[in-house]
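Its first residue numbered 0, the sequence shown is counted upward by one per residue in numbering that gives the first Met the number 0. All C-beta atoms, glycine included, are put in the ideal place defined by N, C-alpha and C. As the structure is a computational prediction, the values presented were derived from the model and not from experiment.
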Amino acid sequence: MLTLAADIEVLARFGRALADPIRCRILLALREAPAHPADLADALEISRTRLSNHLACLRDCGLVVAVPIGRRTRYELADERLGHALDDLRTAVVAVEADKTCPDAETKGCC
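Structure representation (structure tokens):
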């Protein structure tokens, strides 16, 4: 069983990964299928260097893994449950956005 500190660290790493739109796009792309960096860079229309930096962050956060295949490396989600978690987060945020349950949403534009 994880301790509270470990739970917080796991959530903080996940939040750090999701804090950047490019990393979100990478995770969503890998949710669909594993991919090689060159293919990801082309699909996301970003440089390979920039992609490499984001993949390193996602690896450090424990969300993606690099799988050597011959002379190339393919990236995939570290656990298939991450794809489900991304879907759950996306739909939960959309539901909350539609609900606007936060009392300050209209005046402060916070939610």
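Going by DSSP, what residue range makes up the alpha helix (DSSP H) through residue i?
{"i": "Thr2", "result": "Note, Thr2: premise wrong, no alpha helix (DSSP H); not H, not E."}
Measure the beta-carbon distance from residue i to residue j and round it to whole angstroms, keeping in mind my assumption that it falls under 8 Å.
{"i": "Leu62", "j": "Leu26", "result": "7 Å"}
{"i": "Cys60", "j": "Ala18", "result": "So it is not a contact: roughly 10 Å between Cβ atoms."}
Check whether the Cβ atoms of residue i and residue j lie closer than 8 Å to each other.
{"i": "Arg114", "j": "His35", "result": "Missing from the structure shown is residue 114; the chain here goes from 0 to 110 and no further."}
{"i": "Ala37", "j": "Arg24", "result": "no"}
{"i": "Val66", "j": "Ala77", "result": "no"}
{"i": "Ala28", "j": "Leu39", "result": "yes"}
{"i": "Leu85", "j": "Arg22", "result": "no"}
{"i": "Leu54", "j": "Tyr74", "result": "yes"}
If I follow the unbroken beta strand (DSSP E) through residue i, where does it start and stop?
{"i": "Arg73", "result": "71-76"}
Alpha helix (DSSP H) runs wholly inside the region 14-68, at least 4 long, in chain order: 20-31, 36-43, 47-59
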